[in-house]
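Asks: Per the working numbering, residue 623 is the first one in the sequence shown, and the count goes up by one each step.
Virtual Cβ for every residue (Gly too), placed ideally from N, Cα, C.
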Amino acid sequence: MKIVIGADHGGFHLKEFVRTLVQDLGHEVEDVGCYSTDSVNYPDLASLVCEKVSGGSVDRGILICGTGLGMSMAANRYALVRAALCHDHYTARMSREHNNANVLCMGERVVGSGVAEDMVRTWLAVEFSGGRHQSRIAQFSQC
Ligand code: RB5
623 MKIVIGADHG GFHLKEFVRT LVQDLGHEVE DVGCYSTDSV NYPDLASLVC
673 EKVSGGSVDR GILICGTGLG MSMAANRYAL VRAALCHDHY TARMSREHNN
723 ANVLCMGERV VGSGVAEDMV RTWLAVEFSG GRHQSRIAQF SQC
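1. Cutting at 7 Å between CB atoms, please list the residues of its own chain near Ser-676, excluding the five before and the five after it.
2. For my contact list, Gly-628 and Val-680 are in at a C-beta cut-off of 8 Å; report their separation, rounded to the angstrom.
3. Check the Cβ-Cβ distances between Glu-638 and every residue of chain B, and say whether any is below 7 Å.
4. For His-755, collect the residues of the same chain with a Cβ closer than 8 Å to its Cβ; drop the 5 residues on either side in sequence, then sort them by chain order.
5. Just to check, is the beta-carbon of Asp-666 closer than 6 Å to a non-hydrogen atom of the ligand RB5?
6. DSSP state of Met-623, grouped into three classes?
7. Using DSSP with H/G/I as helix, E/B as strand and the rest coil, what is Arg-699?
8. Who are the near neighbours of Glu-650 in its chain, counting only those whose CB is closer than 6 Å to its CB and skipping five residues on each side?
9. What number of angstroms, rounded off, separates the C-alpha of Cys-727 from the C-alpha of Glu-638?
10. Could you tell me whether the Cβ atoms of Glu-739 and Gly-632 are closer together than 7 Å?
11. Can you find the residues in the same chain that come closer than 6 Å, C-beta to C-beta, to Ala-696, ignoring five residues on each side of it along the sequence?
12. If you draw a straight line from the alpha carbon of Thr-642 to that of Glu-652, how long is it in whole angstroms?
13. According to the Cβ coordinates, are Asn-724 and Arg-682 closer than 7 Å?
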């Protein structure tokens, strides 16, 4: 898959780790920044990622900030984006099975690299269940 990844300064270090992981898993990765721990505004990075997901030029996106909260709030304002703030294996799996999440949000100050790796591996591998869950996400506007 083609994956776009972005982070603010609060998620910079985890974003660097996740970029390498996703590449090692065989995916094409586009890193839209940030590129240092200099302070930036997370909505700007969410925009760079979500415009690509919404426009269909990439398959999925990953967004990381300090908590994952700001990124998930910003991301879900974009058409066709279903962003899931995940903290563990279960939420990462269910965000794919039931919600067909196309953007994964994480908080660098919340999860360590081990949990993040498990979430990313799971989130990239698990398929959407469809069925009754398709009609539910279809109730979102512009899904
Ligand atoms: C930055 O300090 C922090 O507010 C940001 O990374 C994120 O946690 C916002 O939701």
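Replies: Reading it off the structure:
1. For the purposes of this step, residue 676 is taken as residue 54 along the sequence shown, with counting starting at 1. The answer, listed in chain order, is Tyr-700, Ala-701, Leu-702 and Val-703.
2. For the purposes of this step, residue 628 is taken as the residue at position 6 of the sequence shown. For the purposes of this step, residue 680 is taken as the residue at position 58 of the sequence shown. That pair is no contact at about 11 Å.
3. Absent here is chain B; the protein component of the structure consists of one chain.
4. Taking the first residue of the sequence shown as 1, we reach residue 755 at position 133. Only Glu-719, His-720, Asn-721 and Asn-722 meet the Cβ criterion.
5. The residue labelled residue 666 in the question sits at position 44 within the sequence shown. Outside the cutoff, so no.
6. On the sequence shown, residue 623 is found 1 positions in, with the first residue counted as 1. Coil, per DSSP.
7. Taking the sequence shown and counting its residues from 1, the one referred to as residue 699 is at position 77. Note: Arg-699 maps to coil in three-state DSSP.
8. Walking along the sequence shown from the start, residue 650 turns up at place 28. Counting only Cβ-Cβ distances below 6 Å, and skipping sequence neighbours, we find Lys-624.
9. Numbered from 1 along the sequence shown, position 105 holds the residue referred to as residue 727. Numbered from 1 along the sequence shown, position 16 holds the residue referred to as residue 638. Rounded to whole angstroms, Cys-727 to Glu-638 spans 15 Å at the Cα level.
10. As a first step, residue 739 is located in the sequence shown; it is residue number 117 there, counting from the start. As a first step, residue 632 is located in the sequence shown; it is residue number 10 there, counting from the start. Cβ distance not < 7 Å, so Glu-739 and Gly-632 don't count as in contact.
11. Start at 1 with the first residue of the sequence shown, and residue 696 comes out as number 74. If we look at Ala-696 and ignore the five residues flanking it on each side, its Cβ neighbours are Pro-665 and Ala-668.
12. For this step, residue 642 is matched to residue 20 along the sequence shown. For this step, residue 652 is matched to residue 30 along the sequence shown. Between Thr-642 and Glu-652, the C-alpha separation is close to 11 Å.
13. Reading the sequence shown from its first residue, position 102 is the one you call residue 724. Reading the sequence shown from its first residue, position 60 is the one you call residue 682. A contact, by the Cβ cut-off of 7 Å.
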